[in-house]
Every structure is written in structure tokens, then in C-alpha cells.
Amino acid sequence: MTDKSKCCGCTVCASICPKQCITMQEDEEGFLYPVINKSLCIGCNLCQKVCPILNQEDERKPLSVYAAKSRDEEMRLASSSGGVFTLLAEKIIDRGGVVFGARFNENWEVIHDCTETKEGLAAFRGSKYVQSCIGNCYSKAKQYIQDGRQVMFSGTPCQIAGLKRFLGKDYDNLLAVDVVCHGVPSPKAWRLYLRDIVSDKQWINSIRFRAKSNSWRNFRLIIEGADSRLNTNELVNEKGYENKWIHAFLLNLTLRLSCHDCQSLRGKSGSDITLGDYWGIEQFAADFDDDKGCSLVLVNTLKGEEIYSGLNCDSIVTPYKSAVLKNPSLDRSVTASINREFLLSQLDKGFIAAYDVCLDHSFPMRLRRFLFRKLGM
672 MTDKSKCCGC TVCASICPKQ CITMQEDEEG FLYPVINKSL CIGCNLCQKV
722 CPILNQEDER KPLSVYAAKS RDEEMRLASS SGGVFTLLAE KIIDRGGVVF
772 GARFNENWEV IHDCTETKEG LAAFRGSKYV QSCIGNCYSK AKQYIQDGRQ
822 VMFSGTPCQI AGLKRFLGKD YDNLLAVDVV CHGVPSPKAW RLYLRDIVSD
872 KQWINSIRFR AKSNSWRNFR LIIEGADSRL NTNELVNEKG YENKWIHAFL
922 LNLTLRLSCH DCQSLRGKSG SDITLGDYWG IEQFAADFDD DKGCSLVLVN
972 TLKGEEIYSG LNCDSIVTPY KSAVLKNPSL DRSVTASINR EFLLSQLDKG
1022 FIAAYDVCLD HSFPMRLRRF LFRKLGM
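The opening residue of the sequence shown carries number 672 in the numbering used here; numbering runs sequentially from there.
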């Protein structure tokens, strides 16, 4: 692929390479892109054959659309929306299966990993507004599948598209689950945001992007400390829409370039089920909404329908147009911000400093950029 802006960072090219001559390297904005060691390349073109951007699937409509919520209130409150991810994952584990999802590592970076236990699902639960590193999870998932294990693989639409291309065919024992995706923020920006918050990441005990302290809609970003030297147990406890990391995410200031022209929308990822928040549920099913979290569930395949139909959840059928109304990312890519390039170009000065200048509405943007560079901030 010659156009860098099209690369979604799914890493399938690096995962499929028989000579391991493709490595994923971070660019100046903090996103991973493939780099080829041409001295090792044998010209097999497998990387091009599996690329989901170069080999796109057809669009498709879901078979059915649901609003759903777990009957386990503790599970639902610990989840970003209605707890359906956990219900699906537990069902796979009950069948002796393996679940892949995104979690934090010891440095509070977001990575993909797998678990064979229900206890391990807690790390995967909840939204994580950072692009995850897939690592060797495609290969591990394929091995489990070929061993006859039930596998649930969850990720962004482009990650699921990458997985499907890597596998090369459909498997009855794979449940592919993607999310309604606004876009993926820069891992580098996230590292620098955390550096602005705390000098030592070992002082962090937990991070919740979507804590339901008060309500599902009025969620909070909470970062809890784990060191007695801290004056407070909470390093960050802010309303989501007022927190600088979340605000920059929602303003499309930190997203990968390819997210502004997503090629895995509208069912093209090949997932069996798509999960998200059912924003707007109160407008046409007010009695189903208690502001504790409601999942949007798009069932895309008969396999997905079979698994979803057996879940222990409250569920109602809804029209697709109702789902799209407050979830536009189902149907179209987010618009690129004119300030995106500026903010990401200043990351080495600190995320919060770059954000503050970028969002300081008391100065015209051109003047803000000039002063930012002139003063060496």
C-alpha cells in the first residue's frame, strides 16, 4: 500500500509474513505502520493479498438489531453499556473456549490478549479509547480455532477485517465481535497524557474511561492511584465530556488518519455481532432505559443469532434506522478536524499543553500555532 493514510494498522500484513520481514513501527503521530525489510522479502505478496483495505468485502445490513441489557446489575454497572460483551464471552468460556479482547498492560498501554477464564474477562470489560496493539493474537486465535476450541475475538471493525483476512475462510467455532467505532486515538498521545497526570505509571491502580459513578450518559473518566505518597486516591475524576483526553477524542483531534475514511463500515468487517452503546434508546423505548447502560446489538450472521438468542439478558427488537440515529459511526466515518495535525505535531511538548493551545478559543488558531512554536512550548 503506497498511501499511508489508508492503512488502518490492523497488523495483518506483519502477522502473515512467512519471513517476518514486516515490522510495525510507530510514526511521529504515535501510530503503528508496517515497515518492510527488503533484504528479507521474497516477493510472495501475501501482505497485499490479506490487506483488508486492498481486498474489501461487500457492505451488508444486519439480520436483526436489538437494545439489550444484562439482568446482572453488577455486571452492567461494571460495563460501558449493557454488559452484553461479558454475556457473550462467558458463553464462549462455558463451552471451553477462549476470548480475545483489549486490556491494559503493566504500563497502561492498550494491548490485545486472550483469556480462558471468566475472571480474566474483567480486564477486557469497558471501553478503551486508544488503538490497541494486536501483537501475535491473530496467530494465537488461528491455532485455538484449528485445535477445535471455541474462540470469540473482539476488536474494532478493521481489526476484525484483518482477522478474517488472516484466517482466509470462515470457521464455525469463531465468533467475531466488533464495536461501533468512532475512531482510534494515538497510543503515543495516550502515553503522554498519562505522563502529564502522574510521573510514575506504577502509581496507577486502575483506569476507567466510562465509569458510571452517576449515570450511563454522564459517565466519568476515573484514574485511581495505588501509592501512599499520593495525596488522593483519585488522580483523575472528571466528567467524560470535560476531560481533556475524552474531549480531544470526541473532537477527532487524536484519531488515526484512516479513521476519517473507514473501509470497514456498514458490515464490511465480516463480524458476526456488532456491539455499542444504544444512544437514543430513551426516545422510542423510554421504559427500557434506566440510565444504567443499554447495549446496541447488531446481529450480522446466523451464527451470531444462535449465540445471542441464548443470552440471559433483557432484549427488544428495534429498527436499524433508530440505531443509526444517535450512532452515526455505524454508517459513516468521522470528519477530520482541521486542528488534528497541529495537536499531534506538538505531542513531544506534552499532550495537555498541546490540547490547551489547540482549544484556547481566546486566540485565532493561526496565531496560537505561531506562538506555540515561537515560544518553544
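Just so you know, even glycine gets a beta-carbon here, dropped at the ideal spot from N, CA and C.
By a beta-carbon distance limit of 8 angstroms, L865 contacts K872. Their separation comes to about 6 angstroms. As computed with DSSP, Q696 is found in a beta bridge with Y704. Rounded to the nearest angstrom, the Cβ distance from L967 to L946 is 7 angstroms, consistent with a contact under 8 angstroms. Boundaries of the alpha helix (DSSP H) around I978: L973 to Y979. Less than 8 angstroms divides the Cβ of K835 from the Cβ of G941. Assignment of V736 by DSSP, reduced to helix, strand and coil, places it in the strand class. Comparing alpha-carbon positions, the option among K799, Q691 and I764 lying closest to S752 turns out to be K799.
Linking W779 to G806 through their CA atoms gives a straight-line distance of about 16 angstroms.
Pairing G896 with V736, the inter-Cα distance amounts to about 40 angstroms.
Out of N776, T788 and Q727, the CA that lies nearest to the CA of T757 is found in T788. DSSP places C678 in the coil class of the three-state scheme, outside both helix and strand. Within a 10 Å sphere around the beta-carbon of I978 sit 16 or more other beta-carbons, which makes this residue buried.
Around W916, the same chain offers Y864 as residues with beta carbons nearer than 6 angstroms, after the five sequence neighbours per side are excluded. Non-local C-beta neighbours of C681 in its own chain, meaning closer than 6 angstroms and more than five positions away in sequence, comprise C829, Q830 and G833, ordered along the chain.
For D765, the uninterrupted alpha helix (DSSP H) segment begins and ends at V755 to D765. Of the residues assessed, T972 falls on the buried side of the cut-off, its CB having 16 or more other CB atoms within 10 angstroms. Take the alpha-carbon of S986 and the one of K740: they are about 7 angstroms apart.
Annotation: the continuous alpha helix (DSSP H) that includes A860 extends over P858 to I868.
In this structure, DSSP gives G791 a helical state, which the three-state scheme calls helix. Using a Cβ distance threshold of 8 angstroms, A760 and M823 count as a contacting pair. When Q1017, V781, N923 and I952 are compared, the shortest CA-CA separation from A1007 is found for N923. In terms of Cα proximity to L845, the closest of W861, A812 and K859 is A812.
Secondary structure of C965 (DSSP, three-state): coil. For H918, there is no enclosing beta strand (DSSP E); the enclosing alpha helix (DSSP H) covers residues K915 to L921. Of the other Cβ atoms in all chains shown, fewer than 16 fall within 10 Å of the Cβ of F955; this residue is therefore exposed.
Boundaries around E1012 are those of the alpha helix (DSSP H), R1011 to S1016, since no beta strand (DSSP E) includes it.
Listed as beta-bridge partners of K910 by DSSP are R891. In this structure D962 touches W887 by the C-beta definition: roughly 5 angstroms separates them, less than 8 angstroms. Within the same chain, R937, G938 and K939 come within 7 angstroms of E730 by CB-CB distance, once the 5 residues on both sides are set aside. Rounded to whole angstroms, I893 and D818 show a C-alpha spacing of 40 angstroms. About 5 angstroms separates the Cβ atoms of V1005 and G854, confirming a contact at the 8 angstroms cut-off.
Residues T827, P828 and S1000 of the same chain have their beta carbon placed closer than 7 angstroms to that of C852, with the five preceding and five following residues left out of the count. S929 sits away from C684, with the two beta carbons spaced by 8 angstroms or more. For C808, the enclosing alpha helix (DSSP H) begins and ends at C808 to Q817.
Counted as a single uninterrupted DSSP element, the beta strand (DSSP E) harbouring I987 occupies residues C984 to V988. Between L921 and E700, the CB-CB gap reaches or exceeds 8 angstroms.
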